[in-house]
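Residue numbers (our numbering): 377 to 530.
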């Protein structure tokens with residue numbers, strides 16, 4: 377297989393992570409615009425592939441030690457700025473604002489070219505296998521914070 381320099385998981389950048397996603401018919405409503413709940417899917421893919429590019433395997437974290445470690449969305453704030461349409465190529469940007477204790481704060485954007493469509497702040501709770509809060513290991517927190525610079529403004 378030829379190496380085309382493209383990763384299906386996106387790429388780490390100086391600000392965090394970047395993932396390209398195409399809008400398909402299934403993502404739209406009767407108006408031809410992306411249905412509001414579908415943005416949650418794009419944001420989740422961005423977060424998941426961000427972890428993957430950092431070398432964090434979520435399947436392995438649950439069994440990494442006697443306590444287990446799981447990430448769950450605790451809170452999400454989303455500002456819908458402009459709509460996306462079928463066949464648009466979207467860029468999902470993910471940036472770590474804070475990582476430590478029992479939570480992480482991630483900032484995410486969805487853009488079409490330079491146009492900001494969605495801005496989201498996602499608070500991730502760190503829990504153990506029994507759904508109890510647990511501290512994020514310092515080595516893992518450092519991985520999330522390494523090289524993360526704030527996303528550009530709207």
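Quick reminder that beta carbons are idealized off the backbone N, C-alpha and C, glycines included.
For clarity, every value in this text was computed on a predicted model and none was experimentally measured.
So, is residue i buried or exposed, given that buried needs 16 or more other C-beta atoms within 10 angstroms?
i, result
"residue 425", "buried"
"residue 447", "buried"
"residue 386", "buried"
"residue 406", "exposed"
"residue 378", "Any reading at residue 378 must be qualified, since the residue scores a pLDDT of 46, below 50, and its modelled position is unreliable; no value is offered."
"residue 415", "buried"
"residue 472", "buried"
"residue 412", "exposed"
"residue 486", "buried"
Would you give the residue range spanned by the alpha helix (DSSP H) that residue i belongs to?
i, result
"residue 539", "The structure shown does not extend to residue 539, since the chain is modelled only from 377 to 530, so the question has no answer here."
"residue 420", "414 to 430"
"residue 521", "514 to 521"
Inspect the beta-carbon positions of residue i and residue j and report whether they are closer than 8 Å.
i, j, result
"residue 417", "residue 501", "no"
"residue 470", "residue 484", "yes"
"residue 510", "residue 499", "no"
"residue 430", "residue 475", "no"
With distance defined between alpha-carbon atoms, name the residue in the options nearest to residue i.
i, options, result
"residue 489", "482, 397, 518", "397"
"residue 513", "524, 437, 487, 465", "437"
"residue 458", "473, 410, 493", "493"
"residue 461", "479, 383, 454, 404", "404"
"residue 505", "475, 435, 517, 522", "435"
"residue 391", "516, 419, 482", "482"
"residue 479", "428, 455, 465, 508", "508"
Which two residues bound the contiguous beta strand (DSSP E) that contains residue i?
i, result
"residue 489", "Taken as a continuous stretch (DSSP letters only), residue 489 belongs to no beta strand (DSSP E), as it is neither H nor E."
"residue 456", "446 to 456"
"residue 511", "Element bounds for residue 511: n/a, residue is neither H nor E."
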